[in-house]
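Visitor:
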Amino acid sequence: MIRYRSGNFFALFFTFLALSTASELSTTILQVPDGGTANISLSTYNKTQNVDQAFTQLININDSANFAITVNDIPTEVSFVIIQLHAYMHNASMSYNKTSIKRTPGNFVIGTNIGLYVDTTGVADTVVYASNENNFEIAGLVAVVAYRYDAPSPGGCNMEFDIKRSPFQKLFYNHATVTVDAQPAAVPNIGNFELPCEKYPLQHDAYRMYLPEEDFSNETYFSAIANMLTVRDIERNADFIPASIYGSPMRRVFSVYPGTGSIHGMVARFGSQSAAYVPIVTYGCDSSSWSNSCSMLTTTFSKVLCALTFFIGLFVTMRGQYYFKTSMFLMGLLFGGFIGYILGNFIGTFDITGVLVSALVIGTMSSLLWFVLWSCLSSPIPSLMLSGLTLGTFFFCLFYFTIPVGLLYLEVNAYFCLIFASFLIVSILIFSLIPLAGNIICFTTLGAYATILSIDYYCGASFKYILLNAIRRATVSNFNVAIIQPPYQDKDVLLTVFWSFLVILGLYKQCATNWNRAPFPPSSPILVRDTENAPLLGGQRYRSRYRSFNNPRFRYENSSELRF
1 MIRYRSGNFF ALFFTFLALS TASELSTTIL QVPDGGTANI SLSTYNKTQN VDQAFTQLIN
61 INDSANFAIT VNDIPTEVSF VIIQLHAYMH NASMSYNKTS IKRTPGNFVI GTNIGLYVDT
121 TGVADTVVYA SNENNFEIAG LVAVVAYRYD APSPGGCNME FDIKRSPFQK LFYNHATVTV
181 DAQPAAVPNI GNFELPCEKY PLQHDAYRMY LPEEDFSNET YFSAIANMLT VRDIERNADF
241 IPASIYGSPM RRVFSVYPGT GSIHGMVARF GSQSAAYVPI VTYGCDSSSW SNSCSMLTTT
301 FSKVLCALTF FIGLFVTMRG QYYFKTSMFL MGLLFGGFIG YILGNFIGTF DITGVLVSAL
361 VIGTMSSLLW FVLWSCLSSP IPSLMLSGLT LGTFFFCLFY FTIPVGLLYL EVNAYFCLIF
421 ASFLIVSILI FSLIPLAGNI ICFTTLGAYA TILSIDYYCG ASFKYILLNA IRRATVSNFN
481 VAIIQPPYQD KDVLLTVFWS FLVILGLYKQ CATNWNRAPF PPSSPILVRD TENAPLLGGQ
541 RYRSRYRSFN NPRFRYENSS ELRF
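Per the UniProt record's numbering, the sequence shown starts with residue 1, numbered consecutively.
1. Let me know if residue 632 comes out buried or exposed under the rule of 16 or more other beta-carbons within 10 Å of its beta-carbon.
2. Assign L418 to buried or exposed, taking buried as 16 or more other Cβ atoms, counted over all protein chains shown, within 10 Å of its Cβ.
3. Grab me the residues of T21's own chain with a C-beta within less than 7 Å of its C-beta, minus the 5 sequence neighbours each way, in chain order.
4. Rounded to whole angstroms, how far is the Cβ of V278 from the Cβ of Q183, which I believe are closer than 8 Å?
5. Under a three-way DSSP split, which group does I483 fall into?
6. Compare the Cα-Cα distances from V361 to each of G344, F371 and L377 and report the closest residue.
7. Mind checking K491: buried by the 16 CB within 10 Å criterion, or exposed?
8. Going along the chain, which unbroken runs of the beta strand (DSSP E) with 3 or more residues stay wholly within the segment 52-88?
9. Assuming the contact rule is C-beta atoms closer than 8 Å, L25 and S223 should be a hit. Round their C-beta distance to whole Å, please.
10. Since V281 contacts N174 with CB under 8 Å, what's their CB separation in whole angstroms?
11. If we ignore side chains and look at the alpha-carbon of each, how far apart do M228 and A238 end up?
12. To which residues of the same chain is L314 closer than 6 Å at the C-beta, ignoring the five residues directly before and after it?
13. Looking only at its own chain, which residues have a Cβ that is under 8 Å from the Cβ of Y129, when we skip the five neighbours before and after it?
14. If you draw a straight line from the alpha carbon of T126 to that of T300, how long is it in whole angstroms?
15. One question on the structure: do V145 and D215 come within less than 7 Å of each other, judged by their Cβ atoms?
16. Report back the beta-carbon spacing between I61 and V81 to the nearest angstrom; my notes put them in contact at under 8 Å.
17. Which residue marks the beginning of the alpha helix (DSSP H) containing I163, and which one marks its end?
18. Report the three-state DSSP secondary structure of N551 (helix, strand or coil).
19. Counting only runs that start and end within the segment 189-277, where is the beta strand (DSSP E) found for 3 or more residues in a row?
20. For the 8 Å Cβ check, are there 3 or more pairs between the segment 251-263 and the segment 176-196?
21. Answer yes or no: do V123 and I163 have a C-beta to C-beta separation smaller than 7 Å?
22. Per DSSP, which residues does N113 bridge with? Please list them.
23. Around the Cβ of V304, are there at least 16 other Cβ atoms within 10 angstroms (buried) or fewer (exposed)?
24. Using CA coordinates, which residue listed in I434, I440 and L494 is at the minimum distance from C459?
25. What whole-angstrom Cβ distance do I241 and R252 have, given they're in contact under 8 Å?
26. With three or more C-beta pairs closer than 8 Å as the rule, is the segment 398-411 touching the segment 430-443?
27. Rounded to whole angstroms, what's the CA-CA distance from C197 to T393? Just pull it up for me.
28. Assuming S131 is part of the beta strand (DSSP E), what are its boundary residues?
29. So, do the segment 332-342 and the segment 358-373 have three or more beta carbon pairs nearer to each other than 8 Å?
30. Count the CB pairs spanning the segment 199-215 and the segment 263-272 that are closer than 8 Å, and state whether there are at least three.
31. From the DSSP output, which residues share a beta bridge with F443?
32. Would Y508 be called buried (16 or more neighbouring beta carbons within 10 Å of its own) or exposed?
33. Suppose you measure from the CA of R148 to the CA of Y45; what does that come to, to the nearest Å?
34. Consult DSSP for G354 and reduce its assignment to one of helix, strand or coil.
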């Protein structure tokens with residue numbers, strides 16, 4: 001990785017299948033000292049297959065070692081090779097000659113996933129040079145991918161990278177996005193004649209494959225890379241990523257999921273022939289400090305808040321409608337906290353603790369505002385509006401989280417806002433038709449989500465990004481072009497099952513508890529207003545004010561009528 005600081009069950013199945021069917025790596029690890037050589041032989045090249053073929057070797061590179069990578073026994077059918085060096089978590093460099101390793105401009109490349117194009121026409125052996133950029137030993141993988149004369153040249157039409165032919169990709173990441181760039185490929189030469197790039201543009205397809213969540217082992221790292229070296233491997237194991245309707249077709253932007261590795265590949269196509277770029281890997285966080293960079297719970301305040309959210313979520317799921325005022329206060333806190341979290345991130349001057357504090361302050365103000373409106377209007381309408389807005393916003397966030405890759409119309413801000421408004425309007429209309437059922441659904445759905453959200457933060461799953469991706473969409477510049485598609489693996493499946501169980505249990509519990517109670521408690525003005533039937537004695541008058549709520553004169557016979 002060249003670093004610059006700045007779906008569903010089937011997805012789980014295919015991720016497991018990809019890792020289980022990855023190209024077998026040799027169990028022999030070559031120790032490479034300073035001045036040593038890593039040899040890769042192409043003697044097993046299959047001349048009957050007109051496709052790219054990969055050859056690999058695991059190595060351990062001594063600290064600060066300069067060494068050679070030699071490719072032997074190159075068949076005459078091979079026109080060029082891409083010699084790759086993948087280092088685990090730390091930088092290495094490659095060059096066409098020894099002197100260029102010492103930083104000759106335009107002749108070397110540095111990173112964790114790098115490679116060089118080498119023309120092998122008429123030669124049986126070739127060599128490039130590499131160096132360990134660290135004062136400690138690192139693990140690496142040397143890979144050689146061989147192509148025939150009619151294959152396009154990855155990065156052959158380079159206009160921005162330092163190397164003339166740049167078959168590698170560059171990756172940038174920050175707290176919200178991962179950006180992957182590549183240079184256009186060149187069409188095959190006709191003899192010694194190079195065709196102009198601007199007249200013969202090629203098709204470039206991007207792909208991505210997730211590694212298991214919070215799996216930082218070098219075995220998984222190298223196995224995934226070996227599974228993304230050739231075009232056939234990429235097409236079989238990775239998900240196709242379409243280009244954005246905005247910007248360069250050679251760039252892909254992704255929502256970042258710290259702690260979950262992702263490997264990115266690109267394929268250049270020319271007619272029936274194709275060639276793969278050097279795959280590149282990122283974990284979306286600093287590899288030198290997993291606990292501080294890849295974990296979302298880095299402060300004591302955030303850990304306490306997460307634990308508190310778990311118990312509040314259980315309370316709202318099981319007893320939300322019974323303790324109506326308390327639950328509506330929490331709904332106001334959630335809705336206002338969501339707005340406050342967006343504002344805190346949008347301002348950009350707060351750390352994570354400051355953002356959480358701003359969310360709590362605005363959430364508390366929202367809850368108090370709802371309580372004042374509900375008391376003054378003497379009507380359940382404010383509670384219905386609040387529940388409808390909160391649940392509608394959540395369902396839209398869930399929709400945005402689960403949309404498949406390729407729905408490019410959501411990149412347009414106008415369409416995005418219209419769909420969001422539609423979710424809110426539909427939710428409010430439904431709540432006006434079935435107020436009690438709507439409130440119970442709201443409490444159980446959001447309460448259960450709050451419960452699993454706390455577990456998610458501790459176990460490193462992806463459900464937290466239901467809200468975080470929506471927040472990024474509102475606060476991060478150009479996030480509209482980001483690919484959202486999150487990892488959905490074993491932890492996420494278990495949390496989905498647990499979420500569904502909590503929702504079903506909460507619906508049953510709350511429907512049974514509120515079966516013979518009035519849908520909504522009276523607000524304060526209704527409770528204190530005396531009528532001509534009010535008892536003259538104070539104690540009897542007090543009991544009569546609450547009798548209509550605790551012992552109503554009606555009960556539900558079915559969902560369509562009330563009997564008095």
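By construction, the Cβ of each residue, glycine as well, lies at the ideal position given by its N, Cα and C atoms.
For clarity, every value in this text was computed on a predicted model and none was experimentally measured.
Guide: Looking at the coordinates:
1. In the structure as shown, the chain starts at 1 and stops at 564, and residue 632 therefore has no counterpart that could be examined.
2. exposed
3. For T21, the predicted model reports a pLDDT of 42, less than 50, meaning its position is unreliable and no value from the coordinates is stated.
4. Actually they do not touch by this definition, with Cβ atoms about 12 Å apart.
5. strand
6. Its Cα nearest to that of V361, the residue G344 stands out among G344, F371 and L377.
7. buried
8. Taking only runs of at least 3 residues, the beta strand (DSSP E) segments lying wholly in the segment 52-88 are 53-61, 66-72 and 80-87.
9. 7 Å
10. Distance from V281 to N174 at the Cβ level is roughly 17 Å; contact not present, criterion being Cβ atoms closer than 8 Å.
11. 8 Å
12. T451
13. N66, F67, A68, I69, M94, S95, Y96, N97, K98, S100 and I101
14. 56 Å
15. no
16. Between V81 and I61 the Cβ distance is about 21 Å, and since that is not below 8 Å, they are no contact.
17. Taken as a continuous stretch (DSSP letters only), I163 belongs to no alpha helix (DSSP H), as it is neither H nor E.
18. Caution is warranted here: a pLDDT of 49 is assigned to N551, below 50, making its placement in the model unreliable, and the coordinate value is therefore given only provisionally. Correct three-state label for N551: coil.
19. Complete beta strand (DSSP E) runs here, min 3: 203-213, 239-241, 251-255, 260-270 and 273-276.
20. yes
21. no
22. H86
23. Exposed, by the Cβ-count rule.
24. Checked all of I434, I440 and L494; the closest Cα to C459 is L494.
25. At roughly 5 Å, the Cβ-Cβ gap stays under 8 Å, so I241 and R252 are in contact.
26. no
27. 47 Å
28. T126 to N132
29. As far as the Cβ criterion goes, the segment 332-342 touches the segment 358-373, which means the pair count is three or higher.
30. A contact exists between the segment 199-215 and the segment 263-272.
31. Its beta-bridge partners do not exist; DSSP assigns none.
32. exposed
33. The alpha-carbon atoms of R148 and Y45 are separated by roughly 12 Å.
34. Here DSSP, grouped into helix, strand and coil, assigns G354 to helix.
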